[in-house]
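Be aware that the sequence shown starts at 0, since it is given in numbering that gives the first Met the number 0, and climbs by one per residue.
Glycine included, each C-beta is placed from N, C-alpha and C at the ideal position.
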Amino acid sequence: MSQRPSKLIISKISKIWLSYKFLDHATDAFIEVTAKDLKEAFLVTANAVINLTLDQDKVEEKDQKRIIAQGKDLRYLLFSWLEEVTFVLITEGFAIKRIELEIQENKGYKITAKAYGEPLDFLKHNFKVEIKAPTFYEMKIEQNNGVFMRFLLDL
């Protein structure tokens, strides 16, 4: 399995620089995220999932949905977060333009978020691929002068 980046995305959102890249993988989406802190890292993971699925720039903010994810540690929180964002996108059919979130730590972790967007329109939003589920395989989280995350999504 090659780890050469196939696509690098850097987004500027409210003076925050966020980046993620899709790594080469035969059948799944293998994604690396870099950010300055946990809050930004979880925003970046959501944006990576959204842009893997559809063209986020074609989504309008017409409605909002609440997203909650919990985990006993950061790996479980990341897994839960990926599951919840995917659920809103795929199962509920809600195209996400933007997310606001807060992370709480108290005997585990909890993300409380608001997703802004509109009902998914396969043509308008250029639906690309359906995500089946996140996996723990190859999942990694490091916090050294910023946050690094790597995860695999089963397509």
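Note to self: Any beta carbon of chain B sitting closer than 9 Å to that of V48?
What the structure shows: Here there is only one protein chain, and chain B is not present.
Item checked: C-alpha gap between L88 and D120, whole angstroms -> 11 Å
Next item on the list: Return helix, strand or coil for D120, following the three-state DSSP convention.
Entry: When DSSP states are grouped into helix, strand and coil, D120 belongs to the coil group.
Check: Within 10 angstroms of its Cβ, does I26 collect 16 or more other Cβ (buried), or is it exposed?
Finding: Correcting the residue identity first, residue 26 is Thr in this sequence and not Ile. Classification of T26: exposed, given that the 10 Å Cβ count is below 16.
Item checked: Cβ separation of I130 and T44, assumed to be a contact under 8 Å, to the nearest whole Å -> The Cβ separation is near 12 Å, so there is no contact.
Next item on the list: Can you grab the Cα-Cα spacing for the pair R149 / Y115, in whole Å?
Entry: 25 Å
Notebook entry, point to check: How long is the line joining the alpha carbons of F29 and F147, rounded to whole angstroms?
Noted result: 14 Å
Checklist line | Spatial distance of L73 from G145 (CA atoms) | finding: 15 Å
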